[in-house]
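Visitor: Residue numbers (the numbering used here): 768 to 922. Glycine included, C-beta positions come from ideal geometry on N, C-alpha and C.
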Amino acid sequence: MKHQFAETKKVKLLPNPKLMLKSLKKYYPQIIISSICLIISVVCAILAPQWLSKLTNHITENAGTQSINMQKILELGIVLIVFYSVDALLNYLSGFIMNGVTQKYSKDLRTQITSKINRMKLKYFDSHPYGDTLSRITNDVDTLGSSIQQSITTL
């Protein structure tokens, strides 16, 4: 059984991943910014335990002699706070940006689909219940939006 949604020439409904990537083109700047935020966040998350190790080593090495340099501990603590704060902030910012991209992209898809449904012949809806058609479309667009958000942030 062939679906009438794929038969249009004016609105392409993403039959393959290449078209999906092409339709995401206007969101590339936001996706790139989000990716840069994630990369910096990961670097901070990788470096922070090394500094935590330095802090722990300094405390344990000097604990027996009771000559702990509090200034050095303060400096290492501040560096740790900066690393973890930047990590959390950029991770949040990346998620916020990608959530916006996903919502806007889903809205664009829904607008295209609405346009297509409005141009369809009533004969189609005589053989297919309108509620079922809308339910399928809604679920598919939601699934596609969730997949985009998860896959791009996972990269």
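1. Starting from the C-beta of Tyr726, find all residues in its chain whose C-beta is less than 8 Å away, skip the five residues before and the five after it, and write them out in chain order.
2. Curious, which full-length alpha helix (DSSP H) runs of at least 4 residues does the stretch 822 to 898 contain?
3. Would you call the stretch 801 to 811 in contact with the stretch 877 to 892, where contact means no fewer than 3 C-beta pairs closer than 8 Å?
4. I'd like to know if the stretch 850 to 865 and the stretch 829 to 837 are in contact, where contact means that at least 3 CB-CB pairs between them fall below 8 Å.
5. Between Arg877, Lys890 and Lys821, which lies nearest to Ile904 when the distance is taken from Cα to Cα?
Guide: Considering the structure as presented:
1. Since the displayed the chain opens at 768 and closes at 922, residue 726 lies outside it and no answer follows.
2. 837 to 886 and 889 to 894
3. no
4. no
5. As a first step, residue 904 must be located in the sequence shown, where it is residue number 137. Closest option to Ile904, Cα to Cα, is Arg877.
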